[in-house]
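Note sheet for the following structure.
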Amino acid sequence: MVTSFFYIKRGLTLLLFLSVIVIGLNTARCSASAEATPPKQAAAGDKPASKNNEGEAAGPSKKLKPNTVEVVATGYTAGVESTGKRPGHPLYGITYSGVKVRRDQVSTIAADTKLFPIGTLLYIPGYGYGVVADTGSAIKGKRIDLYFETIKQVYEQWGKRTVHVEVLRRGTGKLSQAWLNKINLAIEAGKPIPQTYLES
Numbered sequence: 001m002v003t004s005f006f007y008i009k010r011g012l013t014l015l016l017f018l019s020v021i022v023i024g025l026n027t028a029r030c031s032a033s034a035e036a037t038p039p040k041q042a043a044a045g046d047k048p049a050s051k052n053n054e055g056e057a058a059g060p061s062k063k064l065k066p067n068t069v070e071v072v073a074t075g076y077t078a079g080v081e082s083t084g085k086r087p088g089h090p091l092y093g094i095t096y097s098g099v100k101v102r103r104d105q106v107s108t109i110a111a112d113t114k115l116f117p118i119g120t121l122l123y124i125p126g127y128g129y130g131v132v133a134d135t136g137s138a139i140k141g142k143r144i145d146l147y148f149e150t151i152k153q154v155y156e157q158w159g160k161r162t163v164h165v166e167v168l169r170r171g172t173g174k175l176s177q178a179w180l181n182k183i184n185l186a187i188e189a190g191k192p193i194p195q196t197y198l199e200s
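Here the sequence shown is numbered in our numbering, starting from 1 and rising by one per residue.
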């Protein structure tokens with residue numbers, strides 16, 4: 001009886017010992033399997049995870065604003081090469097709207113008034129703020145002409161570019177010299193246009 005009991009006890013101990021080993025192996029196998037599983041690939045249309053400013057991730061690319069328009073932009077001057085007028089002509093340097101051409105914090109530009117009425121205020125990347133004050137026979141549709149003081153500046157500083165301009169204020173068809181002077185005085189270099197000028 002003692003011998004029998006001893007073998008039974010030893011058998012139970014061995015059974016328990018083997019169970020522990022089997023459980024341990026299964027756990028290790030599961031851990032290894034989890035480590036070996038590749039990360040889930042992002043499905044089409046999934047948004048990338050946002051990251052903090054410690055440089056972990058970029059968010060989705062910023063879409064163009066609804067009031068942004070793609071245009072082809074060229075440059076022009078008040079000279080004979082652009083307007084056919086020379087200094088001394090009574091209309092030399094005078095735009096279609098009646099204001100004088102100007103390269104300033106807010107410069108005068110030409111556009112198709114069917115798309116951008118006179119007085120429309122745009123922000124043009126690489127050029128700055130521009131107000132539609134002029135028209136041109138070749139300026140039709142999504143094309144604008146940016147004023148520069150000399151033809152050399154046109155070629156060296158601009159040329160011809162496709163840009164996305166932001167429409168800040170839609171014009172009413174009129175533009176006064178007084179308003180143009182005031183808005184230029186109100187803006188400090190590199191500062192945004194005061195909100196009152198965007199609403200007026």
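Just so you know, even glycine gets a beta-carbon here, dropped at the ideal spot from N, CA and C.
What you are looking at is a predicted structure, and each value in this text was computed from that prediction instead of being measured.
CA nearest to the CA of residue i, picked from the options
{"i": "Gln144", "options": "Glu166, Thr150, Gln105, Glu156", "result": "Inspection of the sequence shows that residue 144 is occupied by Ile rather than by Gln. Among Glu166, Thr150, Gln105, Glu156, the Cα nearest to that of Ile144 belongs to Glu166."}
{"i": "Lys191", "options": "Tyr123, Tyr96, Glu70", "result": "Tyr123"}
{"i": "Glu70", "options": "Leu168, Pro90, Lys142", "result": "Lys142"}
{"i": "Thr172", "options": "Thr74, Glu149, Glu199", "result": "Glu199"}
Distance CB(residue i)-CB(residue j) smaller than 8 angstroms
{"i": "Tyr92", "j": "Tyr147", "result": "no"}
{"i": "Leu210", "j": "Ser97", "result": "As displayed, the chain neither begins before 1 nor continues past 200, which places residue 210 out of reach and without an answer."}
{"i": "Ile230", "j": "Glu81", "result": "Any property of residue 230 remains undetermined from this structure, which presents the chain solely from 1 to 200."}
Distance, residue j Cα to residue i Cα
{"i": "Ile118", "j": "Val132", "result": "5 angstroms"}
{"i": "Ala186", "j": "Leu115", "result": "27 angstroms"}
{"i": "Lys100", "j": "Gly79", "result": "13 angstroms"}
{"i": "Asp104", "j": "Thr68", "result": "22 angstroms"}
{"i": "Pro129", "j": "Ile94", "result": "Note that residue 129 is Tyr in the sequence shown here, rather than Pro. Tyr129 and Ile94: Cα-Cα distance of roughly 19 angstroms."}
{"i": "Gly159", "j": "Lys85", "result": "21 angstroms"}
{"i": "Tyr155", "j": "Thr108", "result": "18 angstroms"}
{"i": "Thr83", "j": "Gln195", "result": "34 angstroms"}
{"i": "Gln157", "j": "Asn181", "result": "24 angstroms"}
{"i": "Gly88", "j": "Asp112", "result": "27 angstroms"}
{"i": "Ala178", "j": "Pro90", "result": "20 angstroms"}
Close beta carbons around residue i, own chain, < 6 angstroms, minus the five adjacent residues each side
{"i": "Ile183", "result": "Val106, Tyr197"}
{"i": "Ala110", "result": "Asp134, Thr135, Gly136, Ile139, Asp145"}
{"i": "Arg170", "result": "Thr120"}
{"i": "Thr162", "result": "Val72"}
{"i": "Tyr127", "result": "Leu146"}
{"i": "Arg102", "result": "Thr108"}
{"i": "Thr74", "result": "Asp145, Lys160"}
{"i": "Lys63", "result": "Residue confidence for Lys63 is low, a pLDDT of 48 falling below 50, so the modelled location carries little weight; the figure read from the coordinates is stated next. The answer is none, since no qualifying residue turns up."}
{"i": "Glu149", "result": "Arg103"}
CB contact check: residue i to chain C, cutoff 8 angstroms
{"i": "Val132", "result": "Of the chains in the structure shown, none is chain C; there is only one protein chain."}
Own chain residues within Cβ distance below 7 angstroms of residue i, not counting five before or after
{"i": "Glu188", "result": "none"}
{"i": "Gln153", "result": "none"}
Contacting residues, own chain, Cβ-Cβ under 8 angstroms from residue i (five flanking each side not counted)
{"i": "Pro125", "result": "Val163, His164, Val165"}
Next item on the list: Ignoring anything shorter than 3 residues or poking outside the stretch 76-116, list the beta strand (DSSP E) runs there in chain order.
Entry: 106-111
Note to self: Please give me, in chain order, every unbroken run of the beta strand (DSSP E) with length at least 3 that falls completely inside the stretch 111-171.
What the structure shows: 121-124, 128-134, 143-147, 160-169
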